[in-house]
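So the structure is just underneath, and the comments pick up after that.
There are 2 protein chains.
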Amino acid sequence: MRTTIRVESARMRMHNPPHPGTIIKTLCLEPLGVTVTQAAQALGVSRKTLSAILNGRASISPEMAVRLSIAFDTSAESWLNQQTQYDLWHAEQGRKQLRVAKLAV
Amino acid sequence: MRTTIRVESARMRMHNPPHPGTIIKTLCLEPLGVTVTQAAQALGVSRKTLSAILNGRASISPEMAVRLSIAFDTSAESWLNQQTQYDLWHAEQGRKQLRVAKLAV
DNA sequence: CAATCCGTAACCTTATGGGTTACGCTCGGC
DNA sequence: GCCGAGCGTAACCCATAAGGTTACGGATTG
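Encoded structure:
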């Protein structure tokens, strides 16, 4: 079974997008009744690494996205895109502080 | 007659996506006749930093994506997505080496 | 009480983005 | 032929961050 994760479009996004770890917890682990320890072992990473992601203290790395895609039969792309949206939103918060000249009109 | 069947999915892309730096060079700098030095100054980064990106030795960071969006009047998201696709393709190359157990069927 | 589960601190390694400085190469104009 | 502009990049520094191991304390449960 393939799980489809729906991501809001860039234009509709006005609020802080959730950290991907939140999605993993609520849409993957809890429905399956899998503990963090079990999931970490299945993913082949330490409990600390998974815990950091679940609690928003670490990002989804490209390799982790592939691991998630295997464990939960999803697409690695969807996980990485969620991380991208999350990172982008935070980067946009500092847009006005950047001193950048326009090169194209 | 020989029939070529093309199978391509998000999970296993056939072609190595170009590094975002290639896009910047060919679609942004060259058409505008802007030198690397000029572009670096406009973007507010060092020549070394931009050069590393243009030559595929560094990634597009979220902040850099916002800088590019200002300088070239594009969307930061598109730049970051290009980087994501690039990273993902390389991460997928090591998929079989990962020891991951399935948690969902 | 004992066993789990979990967050996380402490500590280490590796990787990477970004800055500065400096070197050598190439190329075009004078 | 000389000189400056442009460029790649090495060397070196700093900060951040992912990932690992070990260990601790708190919460929950049999």
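Heads up: the sequence lines are chains E and U, in that order.
Under my numbering, the residue at position 95 of the first sequence is numbered 95, and the numbers go up by one with no gaps.
Under my numbering, the residue at position 44 of the second sequence is numbered 44, and the numbers go up by one with no gaps.
All C-beta atoms, glycine included, are put in the ideal place defined by N, C-alpha and C.
Please read these numbers as outputs of a predicted model, since none were measured by experiment.
Exposure label - residue i; buried when at least 16 CB within 10 Å
i	result
Gln-82 of chain U	buried
Pro-18 of chain E	exposed
Arg-11 of chain E	Only weak support is given to the placement of Arg-11 of chain E: the predicted model assigns it a pLDDT of 45, under 50, and the question is left unresolved by the model.
Asp-87 of chain U	buried
Leu-27 of chain U	exposed
Endpoints, the alpha helix (DSSP H) within which residue i is located
i	result
Lys-102 of chain U	First-last for Lys-102 of chain U: undefined, no H or E at that position.
Arg-47 of chain U	47-54
Leu-80 of chain E	76-92
Thr-22 of chain E	20-23
Arg-41 of chain E	Contrary to the premise, residue 41 of chain E reads as Gln rather than Arg in this sequence. Segment 36-43, the alpha helix (DSSP H) holding Gln-41 of chain E.
Ile-70 of chain U	62-71
Of the listed residues the options, nearest to residue i (C-alpha basis)
i	options	result
Ala-71 of chain E	U:Pro-62, U:Leu-98, U:Thr-49	U:Leu-98
Ile-24 of chain E	E:Gln-85, E:Arg-95, E:Lys-102, E:Ile-60	E:Ile-60
Glu-63 of chain E	U:Leu-27, U:His-15, U:Thr-26, U:Gly-94	U:Gly-94
Ala-104 of chain E	U:Thr-26, U:Thr-74, U:Gln-41	U:Thr-74
Glu-92 of chain E	U:Glu-92, U:Lys-102, U:Glu-77	U:Glu-77
Lys-96 of chain E	U:Glu-30, U:Ser-69, U:Lys-96, U:Leu-29	U:Ser-69
Lys-102 of chain U	E:Lys-102, E:Gly-44, E:Ala-52, E:Trp-89	E:Gly-44
Beta carbon of residue i nearer than 7 Å to that of residue j
i	j	result
Val-100 of chain E	Arg-67 of chain U	yes
Leu-80 of chain U	Ala-65 of chain U	yes
Leu-54 of chain E	Ala-40 of chain E	no
Gly-56 of chain E	Gly-33 of chain E	no
Thr-37 of chain E	Thr-84 of chain U	no
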